[in-house]
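Residue numbering for the sequence shown follows our numbering, beginning at 221 and increasing consecutively. We put the CB at the ideal spot given by N, CA and C, even for glycine. Notes follow once the structure below has been shown.
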Amino acid sequence: MLNVHTLCKKSLFHLVATFSSGSLHLIDLPLPRPGFENFLSTWLIRDTKRKRILLVDPGPTSTLPQLYDSLEKLGISTIDYVLLTHIHMDHAGGMGDFLATFPDAKIVAPSNGIKHLIDPSRLERASRETLREMAETYGRMRPVPADAFIDPEQIEGISFMMTPGHAPHHQSIFYDIEEEAPLLFVGEAAGTYIGDAEGVNFYLRPATPPRFFFDKAEGSVMKLMERASSLLCYAHYGYVRHSEVFLSRALAQLRLWKSILEKESGTLEELMDIILEKDSNLKSFSSLTAGEQARERYFTLNSLKGFVEEIASKKE
C-alpha cells in the first residue's frame, strides 16, 4: 500500500511516500537566489526489496554540497543508480563531480543525450549563452566517464518513455512498486507544479523553452495519460496523487496557450499578462512570494517565447 505524506518545507529533505518495498524522499537543492529555495530537487528511492538506492535528477554542480549533506543525514552512503529525465544543467550538470563522490553509481540517461555528458563542452556553452547568469549559478559541468552509463534494460522494475517537448531527448520514468500503479517521474514533460499532494491548491505552468515543438509536447502528455501511475513526481517541484487529473490539466493547458497565442500579439510581457488572466492554472501566481514571482516571470517568458517561435514557424 502506498502511503503519501504531506510535504514539510521546513527541512531540506522530505519523506514523500512509503510502500511495501521501500520509500521515496524529495531532497531540496536550494540555489542562492530569491525564489529558488524550493524549486530544484532530486528524488531518492530506497528499494528494500530489490536492495538498491536510486536518485532521479541529482541536479547541478553548485548544489552538490547540500545533496551530500542531506544524503548523509538520511544515512545514505552509497548510490546504486542515477536516473536522468534529461540532461539540462539544473538536472544533470553535477554528474561529473557526483561520480567522484559515488564512483560506483551507474547512470541511465536518454540515449541521445549521453554524448553531451561525456563531453559537456557544447551543452555548457549553449546553456551559458541562453541562461547567462542562471547558468553561472548552476556551476561548471565536468565530463562523465563513458563506462558509467548502462542500458536501461539492465535495471528491472523500471520503464522509460520518451517524452520530447521540454527537450528533444526528454524521457519520463515509471518505477514499479508492489500492489500499486508505478511512481511516475515526469521531469518537465507535464510542466512545473507548485502545490499540495491532493492538488487542491496549486500553480501549474508549461515548461516550453525554445526550441519548442507543440505536436511533440502534446503527444508526450497524451502517451503518459495512457498508462496508470500512483504518484506524479515533478522535477519542479513536488508531487500530486491524482496523476490522470494533472496530466489532463497539463494537456489542456498546452492547448489553451496555443489557442490564445495564435490569436494574440504583443511583447512577451504583454502576452504573459494575457495568459495570467485567462489560464486558471496560474491563479495562484499572486500568492507566490516576490522571489517566486520573479522566478516564474523569468521562466514563463521563456516558455512563451518557445510557443511564439513555434507558432511563427508554422506560418512561414
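| Item | Value |
| --- | --- |
| Residue range of the alpha helix (DSSP H) that includes Arg342 | 341-351 |
| Meets three-Cβ-pair contact criterion under 8 Å: the segment 422-441 and the segment 497-508 | yes |
| Cβ-Cβ separation, Trp263 to Leu244 (assumed contact under 8 Å), whole Å | 7 Å |
| Rounded straight-line distance, which links the Cα of Ile327 to that of Tyr301 | 6 Å |
| Validate contact between the segment 450-470 and the segment 479-497 using beta carbons, cut 8 Å, 3 pairs | no |
| Cβ-Cβ separation, Thr383 to Ser440 (assumed contact under 8 Å), whole Å | 4 Å |
| Pair within 8 Å by beta-carbon distance, Glu530 and Phe434 | yes |
| Residue from Leu444, Ala325, Glu418 with nearest C-alpha to Met381 | Leu444 |
| Nearest residue (CA-CA) to Gln513, options Pro254, His306, Glu438, Gly242 | Pro254 |
| Rounded straight-line distance, which links the Cα of Arg352 to that of Ala410 | 25 Å |
| Asp371 to Glu398 span [Cα, whole Å] | 24 Å |
| Gly407 and His389 closer than 8 Å at C-beta | no |
| Where Met625 falls, given that 16 or more other Cβ within 10 Å makes a residue buried | In the structure as shown, the chain begins at 221 and stops at 536. Residue 625 is therefore absent and cannot be evaluated. |
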